[in-house]
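Engineer: For the sequence shown, the working numbering assigns the number 2 to the initial residue and increments by one for each residue that follows. Beta carbons: idealized from backbone N, C-alpha and C, even for Gly. Keep in mind it's a predicted model, so treat the numbers as computed, not measured.
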Amino acid sequence: MGNNVSHAEEVEEEVEEEVEAEEEERTFKVETARYDARFPVTNQAKHCYTRYNEFHKCQAEDGDDCEKYAKAYRAICPTDWVNKWNEQRDEGTWAGKY
């Protein structure tokens, strides 16, 4: 019976080592939108809307570096808003120009 305990302990140690190795491999770079002096207040709704529009304007103009706008609006805007705006763009009812 003592042998079973030591085997169980060995298996547990192996599992712990695998979990630790997996955790070490996972590295995430957390970024948010850069400071924009046009939006100094706490409420970032206008900033969100502007960045969303800038992204789609950049895409419409075949811009080279549109991803910076996408990162910004994804970091600032609530997912529900973005989903709603995307649906409106698909339906042709989006109030924005782009």
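For F56 and C49, what's the separation of their Cα atoms in angstroms?
Structural biologist: Cα to Cα, F56 sits roughly 11 Å from C49.
Engineer: Suppose the cutoff is 8 Å on Cβ atoms and the five residues either side in sequence are ignored; what does the same chain contact list for T60 look like?
Structural biologist: In the sequence as presented, Thr is not what sits at residue 60; that position holds Gln. Taken in chain order, the residues that qualify are C67 and Y99.
Engineer: With a CB to CB cut of under 7 Å and the five nearest residues on each side skipped, what residues in its chain are close to I77?
Structural biologist: Once the five neighbours on either side are set aside, the close Cβ partners of I77 are A34, Q45, H48, C49 and R52.
Engineer: Buried or exposed: where does Y36 fall if 16 or more other Cβ atoms within 10 Å of its Cβ makes it buried?
Structural biologist: So Y36 ends up on the exposed side.
Engineer: In the structure shown, what three-state DSSP assignment does W82 receive?
Structural biologist: In this structure, W82 counts as helix in the three-state DSSP scheme.
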